[in-house]
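Asker:
Numbering (the working numbering), first residue to last: 84 to 292.
(1) Report buried or exposed for residue 217, applying the criterion of at least 16 other Cβ atoms within 10 angstroms of its Cβ.
(2) Could you tell me the alpha carbon to alpha carbon distance between residue 69 and residue 186, rounded to whole angstroms?
(3) Taking the C-alpha atoms as reference points, what is the distance between residue 268 and residue 257?
(4) DSSP three-state label for residue 252, please.
(5) Where does the unbroken beta strand (DSSP E) through residue 228 begin, and where does it stop?
(6) Could you say if the stretch 225-239 and the stretch 208-216 meet the contact criterion of at least three C-beta pairs nearer than 8 Å?
(7) Using the three-state DSSP reduction, which class does residue 136 fall into: helix, strand or coil?
(8) On the DSSP letters alone, give me the boundaries of the beta strand (DSSP E) that residue 219 sits inside.
(9) Between which two residues does the beta strand (DSSP E) harbouring residue 268 extend?
(10) For residue 74 versus residue 240, is the C-beta spacing smaller than 9 Å?
(11) In terms of residues, what are the limits of the alpha helix (DSSP H) holding residue 61?
(12) Over what stretch of residues does the beta strand (DSSP E) that includes residue 241 continue unbroken?
(13) Compare the Cα-Cα distances from residue 249 to each of 231, 238 and 236 and report the closest residue.
(14) Using beta-carbon positions only, say whether residue 273 and residue 255 come within less than 9 Å of one another.
(15) Can you grab the Cα-Cα spacing for the pair residue 103 / residue 124, in whole Å?
(16) How big is the Cα-Cα spacing for residue 247 and residue 215?
(17) Residue 259 to residue 206, Cα distance in whole Å?
(18) Report the residue from 271, 137 and 253 whose alpha carbon sits nearest the alpha carbon of residue 245.
(19) Go through its chain and collect everything with a Cβ distance to residue 108's Cβ below 6 Å, but skip five positions before and after it.
(20) Can you tell me whether residue 208 is helix, strand or coil according to DSSP?
(21) Identify every residue that forms a DSSP beta bridge with residue 262.
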């Protein structure tokens with residue numbers, strides 16, 4: 084059996100050797116870069132860091148649509164009876180209410196018995212004295228105040244004569260009777276100028292059935 088042939092060792096120049104070296108280095112770096120892109124296994128969780136500063140408040144988002152109402156939940160159980168409250172204070176005995184009512188009625192009767200009315204203007208103003216106090220009551224009682232006078236102030240209830248008619252004031256006024264401030268009470272009658280007292284009328288016979 085013949086001996087195998089030997090492959091002669093390659094012979095490179097310095098330039099060729101450097102080219103082959105750089106090519107191998109370039110390929111090695113490419114494979115390292117490719118392997119670095121593949122994520123490795125997850126490492127252990129490190130210690131919690133310090134809390135960072137709060138960021139600025141973001142814009143308020145739009146309000147979402149209203150959700151559909153949910154189903155009614157199951158009925159709850161009956162509640163327990165509450166604690167009994169404190170006992171109230173005793174009420175007032177009503178046996179003396181009748182006596183109290185009689186006393187009040189007697190006081191009112193005495194006040195009414197001692198009450199009095201006084202007027203200084205013919206009834207236009209009443210001074211009612213009762214229980215040590217005096218109350219003033221204004222009335223619109225009709226009081227005759229003579230013939231109407233210009234620029235004189237009249238109050239409701241004053242009656243005056245003007246132009247042969249009687250007028251009653253409805254409001255405080257200085258206006259002339261005949262306006263809306265006055266109410267005509269009695270209108271002036273006819274003059275009767277056609278009456279002749281000297282004329283004698285013939286007596287007419289009276290017939291009886």
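Don't be surprised by glycine CBs; every beta carbon is placed ideally from N, CA and C. All values reported here derive from a predicted model rather than from experimental measurement.
Answerer: In short:
(1) In the chain shown, the residue the question calls residue 217 occupies position 134. Answer is exposed; the Cβ neighbour count stays below 16.
(2) Residue 69 lies beyond the stretch modelled for the chain, which goes from 84 to 292, so this question has no answer here.
(3) For this step, residue 268 is matched to residue 185 along the chain shown. For this step, residue 257 is matched to residue 174 along the chain shown. Straight-line Cα distance between these residues: approximately 18 Å.
(4) Locating residue 252 in the chain shown gives position 169, counting from the first residue. DSSP, read as helix, strand or coil, puts residue 252 in strand.
(5) Counted from its first residue, the chain shown places residue 228 at position 145. Its beta strand (DSSP E) spans residues 226-230.
(6) These segments do not touch.
(7) Counting from 1 along the chain shown, the entry for residue 136 is found at position 53. Three-state result, residue 136: coil.
(8) For this step, residue 219 is matched to residue 136 along the chain shown. In the DSSP annotation of this structure, the continuous segment of the beta strand (DSSP E) that includes residue 219 starts and ends at 216-221.
(9) As a first step, residue 268 must be located in the chain shown, where it is residue number 185. Residue 268 -> beta strand (DSSP E) spans 265-269.
(10) Here the chain has residues from 84 to 292 only, and residue 74 is not among them.
(11) This structure leaves residue 61 out entirely; the chain is present only between 84 and 292.
(12) Your numbering for residue 241 matches position 158 in the chain shown. Looking at the DSSP string, the run of the beta strand (DSSP E) that includes residue 241 is 241-245.
(13) Within the chain shown, the letter at position 166 stands for residue 249. That would be 231, whose Cα lies nearest to the Cα of residue 249.
(14) Position 190 of the chain shown, counting from 1, holds the residue named residue 273. Position 172 of the chain shown, counting from 1, holds the residue named residue 255. Cβ atoms of residue 273 and residue 255: not closer than 9 Å.
(15) Locating residue 103 in the chain shown gives position 20, counting from the first residue. Locating residue 124 in the chain shown gives position 41, counting from the first residue. Answer to the nearest angstrom: the Cα atoms are 35 Å apart.
(16) Residue numbering aside, residue 247 sits at position 164 when the chain shown is read from its first letter. Residue numbering aside, residue 215 sits at position 132 when the chain shown is read from its first letter. Distance between the alpha carbons of residue 247 and residue 215: 47 Å.
(17) As a working mapping, residue 259 is identified with position 176 in the chain shown. As a working mapping, residue 206 is identified with position 123 in the chain shown. Their Cα atoms are separated by approximately 24 Å.
(18) Mapped onto the chain shown, residue 245 falls at position 162. Checking every option, the nearest Cα to that of residue 245 belongs to 271.
(19) Working through the chain shown from its first residue, we reach residue 108 at position 25. Excluding positions up to five away in sequence, the list is empty.
(20) Counted from its first residue, the chain shown places residue 208 at position 125. Reduced to three states, the DSSP call for residue 208 is strand.
(21) Residue mapping note: residue 262 aligns to position 179 of the chain shown, counting from 1. Per DSSP, the beta-bridge partners of residue 262 are 260.
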